[in-house]
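Colleague: Below is the structure I would like to discuss, written out as structure tokens.
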Amino acid sequence: MPIFRPRKSWLPLRPSLEGDAGKAGWEEELAVGLDHSDHVHEIVRRTSAAASSPVAASWRRCMTLHGLSPDEARTPTRLSEREFRDARERSNVLIEESSAEIDRLFSTVGRAGCCLLLTDEKGIALERRGAAGDDLDFRGVGLWSGTVWSEASVGTNGIGTAIADERSVVISRDQHFLSRNTGLSCATAPIRDHTGKLAAALDISTCRDDANEMTMLLLSQAVRDAAARIEAGLFRRAFSVSRILLVPVEGRTAPALLAVDRDDLVIGATRAARQVLGLDDRKIATGVPASDLLREPGPEEGADLDAAERAALRRVLSRAGGNVSHAAEALGISRATLYRKMKKLSLN
994 MPIFRPRKSW LPLRPSLEGD AGKAGWEEEL AVGLDHSDHV HEIVRRTSAA ASSPVAASWR
1054 RCMTLHGLSP DEARTPTRLS EREFRDARER SNVLIEESSA EIDRLFSTVG RAGCCLLLTD
1114 EKGIALERRG AAGDDLDFRG VGLWSGTVWS EASVGTNGIG TAIADERSVV ISRDQHFLSR
1174 NTGLSCATAP IRDHTGKLAA ALDISTCRDD ANEMTMLLLS QAVRDAAARI EAGLFRRAFS
1234 VSRILLVPVE GRTAPALLAV DRDDLVIGAT RAARQVLGLD DRKIATGVPA SDLLREPGPE
1294 EGADLDAAER AALRRVLSRA GGNVSHAAEA LGISRATLYR KMKKLSLN
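In the working numbering, the protein residues as written are 994 to 1341.
So this is what it looks like as structure tokens:
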């Protein structure tokens, strides 16, 4: 197996998980004179480094939780044909919903020497897109269908760390745990199911040594946007007979959506909507009016019942072509009773 190395000069380790831009400290130091393995061991020994940096925290997990060593010649675990088939069957809805979006994303970044992987929540690569000319490099490093890219399998990497931390990440070259993966740069975004639970990850990886910080930021935005569209599609599919409401939220890529029933009660919410509105499964199960959550101006007490009755009468009258006798018969009430209700509700 080939070992993918970064450029000859070491790059400073930069905080690459969302929300960590601009942090100073140990990550600004150059690992001059140290090989990658020694550098990882040195950083993991520093308690303060692991506490302040998600990358260092991931390195520590790899060593203490998963028992990995950065200098071992480890490749991703590869599933048998049957195991791979079973994994795809378990995620058939995910694959079906995401296929077109992955194709669209690959048409944008594929010619730039990028490989796309869609994995399940365990890091199993279910779908792959890559140019034939790049297959040798990507197959050599293990970016292939049926491989497992969890942290337990190959240490710190885009897919495994995004799954472990449940947020979008960029892992560039020497931020990978294994020395053999330091020629890779990865941008990964998690995908959640209709209940807000982690269901998958979408990854863009490249072996190009000219993939600089700006390039990876652009790829990260592209993969997050694609993941958000897939997540929204999964939600709409799960609540296909319900009304879908968009929760107004600023500065979020993830879709903030609510599913409501015919009575305007919330029956589903995406992870982003749950976070913004303070929702959980228990609250959703009890039945919460969408108007209360969205703080929409509601009618005065008692007026909501009148409004509902008025709307129901209008629908019946419309179906009866305006014929009061037919409408009264459909409602099972007398014509006089219907006239009184119409007068009360200002229906002429």
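Note that CB positions come from ideal geometry on N, CA and C, so glycine has one too. The model shown is predicted, which means the values in this text are computed figures rather than measured ones.
Out of 1144, 1134 and 1121, point me to the one whose CA is closest to residue 1056's CA.
Modeller: 1144
Colleague: Look up residue 1335 in the DSSP assignment and say whether it is helix, strand or coil.
Modeller: helix
Colleague: How many whole angstroms separate the CB atoms of residue 1226 and residue 1082, which I take to be in contact at a CB cut-off of 8 Å?
Modeller: Their Cβ separation, rounded to whole angstroms, is 20 Å, which puts residue 1226 and residue 1082 out of contact at 8 Å.
Colleague: Per DSSP, which one or two residues make a beta bridge with residue 1109?
Modeller: 1122 and 1197
Colleague: Contact between the segment 1148-1158 and the segment 1173-1193: three or more CB pairs below 8 Å?
Modeller: A contact exists between the segment 1148-1158 and the segment 1173-1193.
Colleague: Provide the residue span of the alpha helix (DSSP H) that contains residue 1100, from first to last.
Modeller: 1085-1102
Colleague: Answer yes or no: do residue 1080 and residue 1129 have a C-beta to C-beta separation smaller than 8 Å?
Modeller: Their beta carbons are not under 8 Å apart, which means residue 1080 does not touch residue 1129 by this criterion.
Colleague: If we ignore side chains and look at the alpha-carbon of each, how far apart do residue 1329 and residue 1341 end up?
Modeller: 14 Å
Colleague: Could you check the C-alpha separation between residue 1006 and residue 1150 for me, to the nearest Å?
Modeller: Confidence at residue 1006 is low in this model, with a pLDDT of 46, below 50, so the placement of that residue should be treated as unreliable; the coordinate-derived value is given next. So the alpha carbons of these two residues sit roughly 14 Å apart.
Colleague: How would you write the range of the beta strand (DSSP E) that residue 1162 sits in, first residue to last?
Modeller: 1162-1165
Colleague: Cβ atoms of residue 1070 and residue 1363: under 8 Å apart, would you say?
Modeller: Nothing in the structure corresponds to residue 1363, since the chain is present only between 994 and 1341.
Colleague: Compute the Euclidean distance between the alpha carbons of residue 1287 and residue 1196, then round it to the nearest angstrom.
Modeller: 34 Å
Colleague: Take every Cβ of the segment 1158-1173, pair it with every Cβ of the segment 1198-1210, and state whether three or more of those distances are shorter than 8 Å.
Modeller: Remark: three or more beta-carbon pairs, one from each stretch, lie closer than 8 Å, so the segment 1158-1173 and the segment 1198-1210 are flagged as touching.
Colleague: With a threshold of 8 Å, are at least 3 pairs of Cβ atoms found where one atom belongs to the segment 1216-1223 and the other to the segment 1303-1317?
Modeller: no
Colleague: Since residue 1047 is in the alpha helix (DSSP H), which residue starts that stretch and which ends it?
Modeller: Segment 1047-1053, the alpha helix (DSSP H) holding residue 1047.
Colleague: Can you give me the C-alpha to C-alpha distance between residue 1076 and residue 1283, rounded to a whole angstrom?
Modeller: 42 Å
Colleague: By alpha-carbon positions, which one of 1299, 1326 and 1314 ends up nearest to residue 1338?
Modeller: 1299
Colleague: Under 6 Å Cβ to Cβ from residue 1131, same chain only, skipping five residues before and after it: list those, please.
Modeller: 1108 and 1123
Colleague: In angstroms with no decimal places, state the Cα-to-Cα distance between residue 1172 and residue 1146.
Modeller: 14 Å
Colleague: Does residue 1048 pass the burial test, meaning 16 or more other C-beta atoms within 10 Å, or should it be called exposed?
Modeller: buried
Colleague: Are there 16 or more other CB atoms within 10 angstroms of the CB of residue 1003, so buried, or fewer, so exposed?
Modeller: Per-residue confidence for residue 1003 stands at a pLDDT of 33, beneath the threshold of 50, marking its modelled position as unreliable; no derived number is given.
Colleague: From residue 1261 to residue 1045, what distance separates their C-alpha atoms?
Modeller: Roughly 35 Å separates the two Cα atoms.
Colleague: One question on the structure: do residue 1169 and residue 1232 come within less than 8 Å of each other, judged by their Cβ atoms?
Modeller: no
Colleague: In angstroms with no decimal places, state the Cα-to-Cα distance between residue 1321 and residue 1314.
Modeller: 12 Å
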